[in-house]
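Below is one structure, written out as structure tokens; comments come after it.
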Amino acid sequence: MTGSKRREELINTIKSSTSPISGKTLAQLYDVSRQVIVQDIALLRTAGYDIISTNRGYILNAPHAITRVFKVSHTDAQTEDELYSIVDLGGTVVNVMVNHRVYGHMEAPLGISSRLKVKAFIDDIKNGKSSPLKNITSNYHYHTVEADSEKTLDLIEKTLEEKGYLITEV
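Structure, rendered in structure tokens:
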């Protein structure tokens with residue numbers, strides 16, 4: 070088993086456990102030394118996982134949010150509705166991305182997680198501070214959306230599809 074595969078399984082084991090798991094137990098489970106587990110834990114922490122070492126073993130402090138990338142298209146007038154649709158269902162619009170034929174991949178962080186942040190974003194656009202990135206690709210763009218569960222992301226996807234914003238690749 071490769072190191073990256075082991076770390077993937079390791080985080081899933083810790084995540085699904087209802088009690089702390091000792092380094093010794095993890096080492097036996099993955100047939101490696103305890104030191105390898107310590108190094109894997111350090112790498113997982115670097116990757117953003119909040120793993121806590123207790124006197125009884127390792128636990129994951131908080132579950133990682135789940136993300137999904139949606140390809141969407143809509144008019145400028147529909148931007149507000151698109152963003153409200155996502156945040157009202159519990160999603161956070163992490164970023165916006167476009168793939169321009171000349172300039173390549175372009176991405177901007179958004180961090181829109183509430184109606185208040187949607188309103189501030191829309192106000193900035195309306196006040197001429199900038200124009201939406203989607204305008205350079207004939208309205209086609211991508212959003213990384215973060216949520217607490219796959220169920221929430223499924224609901225967001227269904228809503229975007231029903232409103233005609235979601236582009237499904239063939």
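Residue numbers (the numbering used here): 70 to 239. Glycine included, every Cβ here is placed at the ideal spot set by N, Cα and C.
What ranges does the alpha helix (DSSP H) occupy inside the stretch 168-219, keeping only unbroken runs of at least 4 residues that lie completely in it?
Qualifying alpha helix (DSSP H) stretches, in chain order: 184-195.
Which value, in whole angstroms, describes the spacing of the CA atoms of residue 73 and residue 147?
Counted from its first residue, the sequence shown places residue 73 at position 4. Counted from its first residue, the sequence shown places residue 147 at position 78. Cα atoms of residue 73 and residue 147: separation of roughly 42 Å, rounded to the nearest angstrom.
Who are the near neighbours of residue 160 in its chain, counting only those whose CB is closer than 6 Å to its CB and skipping five residues on each side?
As a first step, residue 160 is located in the sequence shown; it is residue number 91 there, counting from the start. Contacts found: 214, 216 and 225.
Nearest-angstrom Cα separation, counted from residue 219 out to residue 103:
The residue labelled residue 103 in the question sits at position 34 within the sequence shown. The residue labelled residue 219 in the question sits at position 150 within the sequence shown. Answer to the nearest angstrom: the Cα atoms are 33 Å apart.
Limits of the beta strand (DSSP E) - the one that residue 129 falls within:
Position 60 of the sequence shown, counted from the start, is the residue given in the question as residue 129. DSSP places residue 129 in the uninterrupted beta strand (DSSP E) bounded by 126-129.
From which residue to which residue does the beta strand (DSSP E) around residue 101 run?
One-based indexing of the sequence shown puts residue 101 at position 32. Unbroken run through residue 101: none, as it is neither H nor E.
To which residues of the same chain is residue 206 closer than 8 Å at the C-beta, ignoring the five residues directly before and after it?
For this step, residue 206 is matched to residue 137 along the sequence shown. Closer than 8 Å at Cβ, skipping near neighbours: 167, 168 and 169.
Whether residue 235 touches residue 229 by CB criterion (8 Å)
Start at 1 with the first residue of the sequence shown, and residue 235 comes out as number 166. Start at 1 with the first residue of the sequence shown, and residue 229 comes out as number 160. In contact: residue 235 and residue 229 (Cβ atoms closer than 8 Å).
Backbone secondary structure at residue 88 - three-state DSSP:
Counting from 1 along the sequence shown, the entry for residue 88 is found at position 19. Here residue 88 carries a coil assignment [DSSP, helix/strand/coil].
Residues in the same chain with beta-carbon distance under 7 Å from residue 155, minus the five sequence neighbours each way, listed in chain order, please.
For the purposes of this step, residue 155 is identified with residue 86 of the sequence shown, where counting begins at 1. Correct list, in chain order: 162, 214 and 225.
Which first and last residues belong to the alpha helix (DSSP H) in which residue 148 is found?
Along the sequence shown, one-based indexing puts residue 148 at 79. For residue 148, the uninterrupted alpha helix (DSSP H) run begins and ends at 148-157, by DSSP.
For residue 74, which three-state DSSP category applies?
Taking the sequence shown and counting its residues from 1, the one referred to as residue 74 is at position 5. Here residue 74 sits in helix by DSSP.
Measuring alpha carbon to alpha carbon, tell me which residue in 201, 200, 177 and 94 is nearest residue 164.
Against the sequence shown, residue 164 aligns to sequence position 95. It is 177.
By alpha-carbon positions, which one of 208, 151 and 71 ends up nearest to residue 188?
Residue mapping note: residue 188 aligns to position 119 of the sequence shown, counting from 1. Out of 208, 151 and 71, 151 has the C-alpha closest to the C-alpha of residue 188.
Cut-off 7 Å between Cβ atoms - residues of its own chain near residue 210, not counting five sequence neighbours on either side:
Numbered from 1 along the sequence shown, position 141 holds the residue referred to as residue 210. Around residue 210: 141, 165, 166, 167, 202 and 203.
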